[in-house]
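Below is one structure; the comments refer to it alone.
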Amino acid sequence: MVTNPVNSFDGFGSYPDYMQQSAIFKNIGRIAIEMYLLFQHHTTVEILRNVSSDLDLFTITGAGWHFVKYLGPAVVVVGPDCRSERTQSRVLAGPTYQGIFPKVALLPPSVQHCIWMVSVPVIYPRLEAMETLANTFATGKKAVNTTYNILGKVTSSVAGVVGGKDVVQQGFTSVKKAVGKSGLMGNVLNQFGEFDIAEELKDLWTHESKDLERTYLIRTLQGIAHQKGVRMTFLSGGMLFPPFHFPGYCFSPMQLN
Amino acid sequence: MYQIITSPVVAAPAGQMIVKLLHNNKLLYVPQNGQKSTHEASDTKEDMMEIFHTDASGSAREYKKLMNRRNYVAIVAYDPESAGMGGGVGGGAGQGGPGYAGSVHSGSGGEGGKSAELSKLSLAVDFVVQGDGGFGGTTKYGPVIVPHLEFGH
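Line by line, the protein sequences give chains Y and S. All residue numbers for the first sequence refer to the working numbering, where the first residue is 39 and numbers rise by one. All residue numbers for the second sequence refer to the working numbering, where the first residue is 106 and numbers rise by one.
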């Protein structure tokens, strides 16, 4: 129901500006939104532009399409488009927050639960160790066979620290075998020549570049929850890394007052 | 505030190495708005719950917070005070199960403040993961209960 990288390609939005703003990237983005609206919401941009109510998808900046939907009187699902407005330094545009928060704060009092469908987890175990590895690895990248895909890079760098070269090779083969599809994507990505692991980590909310935005989101929702007595819950997919898919369950106790 | 993570059902699960790597016990805190994260103690702590104690194969798991198996979640809103929970498991994430409609029938939506007759709903979250082999059975973890929030708390 929410856009995710699969609609376009891994990491869309997190590439450097000169690539994101290129005609090819922009066109892929446009088509991705078209397909997303068509297949997941059974609508088109043209139809949406002529709808004046916010019961359907709505846009604030003109780029991302967000929704606030009721599942009965007591449960609401909020789906901000975490992909279309993304840049290297933000997930959603400022005006989008200013547009969505009032909508949530002004929900009728029958609403008890507000489920936020956020494609990338807001709360996530930190990968600082991984990030360091990614950075270290980026410097020594040239020494390594360039056909290694992103997945391989991670595995090998991790394994390289934990075990010996054998483990590297072994982990590599098995992982490659396990994810044929992303292996293919890895090759495509490498041809862009820009997007290595360090870049891919920028996709996460927990990345330093999104730190203030993340706190703003969490704190504002806590405020609304506190004032309105509405429980806020995040529901998200796995991380962007093709192999990192698992249900984790994160919980931050809210202790206001 | 809870967060539930589930993954695309078609994606291949992560390796044990990744799970191990993510399974740290570092204390994380959310700072006040407008401040950079330093993870000094604040009123909001981030924590993962240990809900995956036993593997789908029956063996005990070392890493209980994350599960690297193909999965989906089912979320059902229910009234903890009404006896019949409905027992229905919703189709997919966010879908109300059969128990849902019954538990909110009295709620009129009320215009001024929460109407007294509207039942307090909690969410029950079940994690359903795939067993060994492509067509094997599934194992359910949960339910994790997301309680409703009392007004003003």
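C-beta: ideal position from N, C-alpha, C; glycine also.
- Item | Rounded separation between residue 144(Y) and residue 250(S) - CA only | Answer to the nearest angstrom: the Cα atoms are 26 Å apart.
- Decide if residue 153(Y) is buried, meaning its Cβ has at least 16 other Cβ atoms within 10 Å, or exposed. Residue 153(Y) is buried by the Cβ-count criterion.
- Does any C-beta atom of chain Y lie closer than 7 Å to the C-beta of residue 138(S)? Interface annotation, residue 138(S): in contact with chain Y, CB-CB separation under 7 Å.
- Express the C-alpha separation of residue 134(Y) and residue 113(Y) in angstroms, rounding to a whole number. Linking residue 113(Y) to residue 134(Y) through their CA atoms gives a straight-line distance of about 22 Å.
- Which residue or residues does DSSP assign as beta-bridge partners of residue 107(Y)? Within the DSSP bridge table, the entry for residue 107(Y) names 115(Y) as partners.
- Can the beta-carbon of residue 228(S) be found less than 7 Å from the beta-carbon of residue 151(Y)? Cβ distance < 7 Å, so residue 228(S) and residue 151(Y) count as in contact.
- Cβ distance (whole Å) where residue 51(Y) is taken to contact residue 125(Y) below 8 Å: A Cβ-Cβ separation of about 6 Å places residue 51(Y) in contact with residue 125(Y) under the 8 Å criterion.
- Message: Quick check on this structure: which residue in 139(Y), 89(Y), 72(Y) has the alpha carbon closest to the alpha carbon of residue 254(Y)?
- Response: Relative to the Cα of residue 254(Y), the nearest Cα in the group 139(Y), 89(Y), 72(Y) belongs to 139(Y).
- Query: Taking the alpha-carbon positions, what's the residue 247(S) to residue 59(Y) distance?
  - Reply: Here the alpha carbons of residue 59(Y) and residue 247(S) stand approximately 45 Å from one another.
- Task: Can you give me, in chain order, the residues of the segment 246-272 of chain Y that have a beta carbon less than 9 Å from any beta carbon in chain S?
- Result: Under the 9 Å Cβ criterion, the segment 246-272 of chain Y contributes 246, 249, 250, 252, 253, 254, 256, 257, 258, 259, 260, 261, 263, 264, 265, 266, 267, 268, 269, 270, 271, 272.
- Message: Suppose the cutoff is 8 Å on Cβ atoms and the five residues either side in sequence are ignored; what does the same chain contact list for residue 173(S) look like?
- Response: Closer than 8 Å at Cβ, skipping near neighbours: 118, 119, 120, 121, 123, 124.
- Message: I'd like to know whether the C-beta of residue 147(S) is nearer than 7 Å to at least one C-beta of chain Y.
- Response: Interface with chain Y (7 Å Cβ-Cβ cutoff): residue 147(S) is excluded.
- Item | residue 245(S) - DSSP class collapsed to helix/strand/coil | In the displayed model, residue 245(S) falls within a strand according to three-state DSSP.
- Nearest-angstrom Cα distance between residue 262(Y) and residue 242(S)? Linking residue 262(Y) to residue 242(S) through their CA atoms gives a straight-line distance of about 41 Å.
- Task: Could you tell me whether the Cβ of residue 231(S) comes closer than 7 Å to any Cβ of chain Y?
- Result: Chain Y, which has no Cβ nearer than 7 Å to the Cβ of residue 231(S), makes this no.
- Task: Sort out for me which residues DSSP pairs residue 88(Y) with in a bridge.
- Result: Answer is none; residue 88(Y) lacks a bridge partner.
- Query: Anyone know if the C-beta pair for residue 151(S) and residue 170(S) falls short of 7 Å?
  - Reply: No. Outside cutoff.
- Query: What in chain Y is Cβ-close to residue 158(S), meaning under 8 Å?
  - Reply: Those within 8 Å of residue 158(S) in chain Y number zero; the least Cβ separation is about 13 Å.
- Query: Which residues of chain S have a Cβ atom closer than 9 Å to the Cβ of residue 136(Y), listed in chain order?
  - Reply: Neighbourhood of residue 136(Y) in chain S, by CB distance below 9 Å: empty, with the nearest CB roughly 14 Å away.
- Item | Beta-carbon proximity list for residue 101(Y), same chain, < 6 Å, skipping 5 on both sides | Around residue 101(Y): 122, 123.
- Using a threshold of 7 Å, state whether the C-beta atoms of residue 110(S) and residue 157(Y) are closer than that. No Cβ-Cβ contact shorter than 7 Å links residue 110(S) with residue 157(Y).
- Give the secondary structure of residue 79(Y) by DSSP, where H, G and I count as helix, E and B as strand, and everything else as coil. Helix.
- Quick one: which chain S residues come within Cβ less than 8 Å of residue 161(Y)? Here the neighbours are 108, 151.
- Message: Does residue 63(Y) come out as helix, strand or coil in the three-state DSSP assignment?
- Response: Helix at residue 63(Y).
- Query: If you draw a straight line from the alpha carbon of residue 149(S) to that of residue 135(S), how long is it in whole angstroms?
  - Reply: Roughly 6 Å separates the two Cα atoms.
- Query: Is residue 67(S) close to chain Y, meaning its C-beta is less than 7 Å from at least one C-beta of that chain?
  - Reply: Nothing about residue 67(S) can be read from this structure; chain S reaches only from 106 to 258.
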